[in-house]
Amino acid sequence: ISEMTILEASGQLLENTKMNLTSVLLAASVLTLTLGYLSKLLFRQQQQQHAGDRKYPPHIPSSIPFLGHAVAFGRSPIEFLEQAYEKYGPVVSFTMVGKTFTYLLGSDAAALMFNSKNEDLNAEDVYARLTTPVFGKGVAYDVPNPLFLEQKKMLKTGLNIAQFKRHVKIIEEETKDYFKRWGDSGEKNLFEALSELVILTASRCLHGCEIRSMLDERVAQLYADLDGGFTHAAWLLPGWLPLPSFRRRDRAHLEIKKIFYNVIKKRREAEEKNDDILQTLIDATYKDGRPLNDDEIAGMLIGLLLAGQHTSSTTSAWMGFFLARDRALQERCYSEQKHVCGEHLPPLHYDQLKDLSLLDRCLKETLRLRPPIMTMMRMAKTPQKVGEYSIPPGHQVCVSPTVNHRLRDTWTQRLDFNPERYLLDNPAAGEKFAYIPFGAGRHRCIGENFAYIQIKIIWSTLLRLYDFELVDGYFPAVNYTTMIHTPHNPIIRYTRRKTQTQQ
Ligand code: HEM
6 ISEMTILEAS
16 GQLLENTKMN
26 LTSVLLAASV
36 LTLTLGYLSK
46 LLFRQQQQQH
56 AGDRKYPPHI
66 PSSIPFLGHA
76 VAFGRSPIEF
86 LEQAYEKYGP
96 VVSFTMVGKT
106 FTYLLGSDAA
116 ALMFNSKNED
126 LNAEDVYARL
136 TTPVFGKGVA
146 YDVPNPLFLE
156 QKKMLKTGLN
166 IAQFKRHVKI
176 IEEETKDYFK
186 RWGDSGEKNL
196 FEALSELVIL
206 TASRCLHGCE
216 IRSMLDERVA
226 QLYADLDGGF
236 THAAWLLPGW
246 LPLPSFRRRD
256 RAHLEIKKIF
266 YNVIKKRREA
276 EEKNDDILQT
286 LIDATYKDGR
296 PLNDDEIAGM
306 LIGLLLAGQH
316 TSSTTSAWMG
326 FFLARDRALQ
336 ERCYSEQKHV
346 CGEHLPPLHY
356 DQLKDLSLLD
366 RCLKETLRLR
376 PPIMTMMRMA
386 KTPQKVGEYS
396 IPPGHQVCVS
406 PTVNHRLRDT
416 WTQRLDFNPE
426 RYLLDNPAAG
436 EKFAYIPFGA
446 GRHRCIGENF
456 AYIQIKIIWS
466 TLLRLYDFEL
476 VDGYFPAVNY
486 TTMIHTPHNP
496 IIRYTRRKTQ
506 TQQ
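Each residue of the sequence shown is one higher than the one before, counting from 6 in the numbering used here.
Take a look at the structure:
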């Protein structure tokens with residue numbers, strides 16, 4: 006505060022036109038000395054705090070009280086972390102908005118997070134304030150982790166190969182149907198289109214046909230309002246604040262649950278059983294034999310949709326831009342479709358998906374360079390030893406897939422989009438946590454297989470329909486203002502392929 010006061014005061018002084026040069030110089034010297042003194046004081050305090058039998062991780066000093074490095078990090082988080090790694094090494098702490106973050110950079114350091122117990126590095130403490138208002142109570146991070154693990158197991162049972170085989174046709178149909186509105190050629194917002202498409206496909210595959218059939222503009226708006234709960238504001242500000250976005254989120258939550266309750270009720274009353282994820286949840290029981298109640302099922306359905314929504318749509322959009330930038334690669338992917346599925350490109354089959362290996366590697370490489378979840382976070386509840394350091398309780402311990410996926414020490418030609426790297430001698434393959442787009446350990450993603458199937462079908466269908474190119478060579482910059490790093494101005498140019506497929 007005193008620094009701010011000095012800054013403001015010196016600003017006013019400078020505005021004073023009567024001020025002569027000597028006093029300007031004097032004010033500037035006083036300001037510089039004071040700032041220097043304050044930052045040294047702050048740094049010394051941090052060093053003193055870090056005294057003990059084991060060293061605390063190096064702390065990046067900041068002369069800005071409370072905000073700390075928030076502005077620099079917010080502007081370019083990856084660059085910030087890469088520079089921190091170069092300067093301080095794999096374990097580094099810094100302050101933002103009054104909180105201390107400790108990043109574990111690189112595979113070896115990241116092992117601490119993935120091998121830890123939830124009681125030591127806790128996920129609920131950092132995620133619940135974001136997720137509980139959106140998913141509701143009784144699920145995910147609102148319940149003790151062992152219970153959430155049981156819920157994840159139930160969901161995983163529903164995400165099985167028999168279901169995936171059914172999903173192939175559904176996703177292909179939804180994609181063809183959605184892109185009819187694009188016509189033969191043009192320039193359109195690819196990210197927007199894929200976000201809309203993924204809600205439709207995910208809703209039908211993960212929620213079932215009754216809920217998909219109700220997905221009109223009103224329900225889509227409810228999802229958008231609910232999704233508006235996933236913001237930096239919701240994470241940083243107290244939940245009781247009367248913000249319009251919070252109110253919209255809470256209203257949407259109630260409305261959507263009402264829709265789901267009706268569907269669940271009808272399903273429970275139906276004489277014949279469906280074979281889908283909703284049915285799996287209705288029939289599931291916890292280890293103690295208790296079945297899920299309607300509120301838990303509805304919360305898990307919301308969680309399923311939203312966990313896969315931004316992650317899959319952002320990844321699909323980035324993949325489109327990587328393919329549009331490298332037309333030769335795009336042509337190879339198109340040829341692969343013919344080679345694997347047949348010259349006349351008949352509808353896709355589940356068994357063919359694994360043989361689309363180039364497409365698979367393109368997706369893998371997209372997830373390397375643009376993993377949608379840029380940071381995984383936990384709250385240190387107990388002192389955590391890592392290398393020569395001890396991380397004290399209260400630090401938010403983070404691992405960034407984005408940083409690990411492009412670390413100079415691990416990856417060759419680290420910033421190139423090269424799907425062939427996985428066929429070559431790949432140094433990262435020897436490091437357990439060098440490639441972690443779906444996380445690892447007890448919080449690992451359960452949606453990886455579904456996401457791969459969904460994105461591969463969407464792109465198989467799109468490659469068959471269109472030829473894509475960048476608009477005037479523009480490859481989207483990364484938008485760092487959103488929680489998931491989306492493409493900025495994601496307009497793509499498309500032209501219908503001359504070869505007619507069996508549509
Ligand atoms: C490209 C798509 C996806 C990516 C990159 C992705 C990434 C991740 C990551 C990094 C985590 C770990 C979070 C952490 O450790 O803090 C995670 C967890 C999870 N994901 Fe995904 N995900 C994707 C799609 C999906 C889909 C489609 C679903 C559901 C069908 C899903 C459901 C979950 C669930 C339930 C968790 C568990 C969270 C926990 O145990 O704490 N994800 N995902």
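Backbone N, C-alpha and C fix where the C-beta goes; we use that ideal spot for every residue, glycine too.
- Between the region 400 to 418 and the region 367 to 384 there are three or more C-beta pairs closer than 8 Å, enough to call the two in contact.
- At the C-beta level, Phe-78 and Met-101 come within 7 Å of one another.
- C-alpha of Glu-87 to C-alpha of Tyr-93: approximately 10 Å in a straight line.
- Using a Cβ distance threshold of 7 Å, Lys-386 and Pro-397 do not count as a contacting pair.
- The shortest C-alpha to C-alpha distance from Phe-153 to any of Gln-284, Glu-301 and Asn-423 is the one to Glu-301.
- A residue is called buried when at least 16 other Cβ atoms come within 10 angstroms of its Cβ; Pro-149 does not meet this threshold and is exposed.
- In the three-state DSSP reduction, His-344 falls in the helix class (H, G or I).
- By the 16-neighbour rule on beta-carbons within 10 angstroms, Arg-332 is exposed.
- One thing to note: Leu-361 has its Cβ within 7 Å of the Cβ of Glu-341.
- When only Cα atoms are considered, Asp-280 and Gly-478 end up about 47 Å apart.
- Annotation for Thr-500: Ser-190 and Asp-472 place their beta carbon closer than 6 Å to its own, counting only its chain and skipping 5 residues before and after.
- Looking at the DSSP output, Ile-496 sits in a beta bridge with Asn-194.
- Proximity to Lys-369 across Leu-428, Leu-199 and Cys-214 peaks at Leu-428, based on C-alpha coordinates.
- Per DSSP, reduced to three states, the secondary structure at Tyr-355 is helical.
- Within the chosen limit of 6 Å, ligand 1 does not reach the beta carbon of Thr-380 with any heavy atom.
- Per DSSP, Glu-474 is one residue of the beta strand (DSSP E) stretching across 471 to 475.
- Membership of Met-219 in any beta strand (DSSP E) is not indicated, and neither H nor E is assigned to it by DSSP.
- Beta-bridge pairing by DSSP links His-64 to Ser-98.
- DSSP lists Ser-395 as the beta-bridge partner residues of Lys-390.
- Taken from the Cβ of Thr-137, every heavy atom of ligand 1 lies 6 Å or farther away.
- In this structure, DSSP gives Tyr-440 a state outside helix and strand, which the three-state scheme calls coil.
- Short of 7 Å from the beta carbon of Gly-143, and not among the five residues preceding or following it, lie these beta carbons of its own chain, in chain order: Asp-300, Glu-301 and Gly-304.
- The Cβ-Cβ distance between Cys-338 and Leu-364 falls below 7 Å.
- Short of 6 Å from the beta carbon of Ile-463, and not among the five residues preceding or following it, lie these beta carbons of its own chain, in chain order: Thr-180 and Ser-321.
- C-alpha of Asp-255 to C-alpha of Leu-227: approximately 10 Å in a straight line.
- For Cys-403, there is no enclosing alpha helix (DSSP H); the enclosing beta strand (DSSP E) has its first and last residue at 401 to 404.
- Inclusion of Ala-207 and Leu-231 in the CB contact set at 7 Å is not warranted, their separation being larger than that value.
- At least one heavy atom of ligand 1 is found less than 6 Å from the C-beta of Leu-309.
- Between the alpha carbons of Arg-447 and Glu-129 lies a distance of about 13 Å.
- Annotation note: the region 129 to 174 contains the following uninterrupted alpha helix (DSSP H) runs of length 4 or greater, listed N- to C-terminal: 129 to 140 and 150 to 163.
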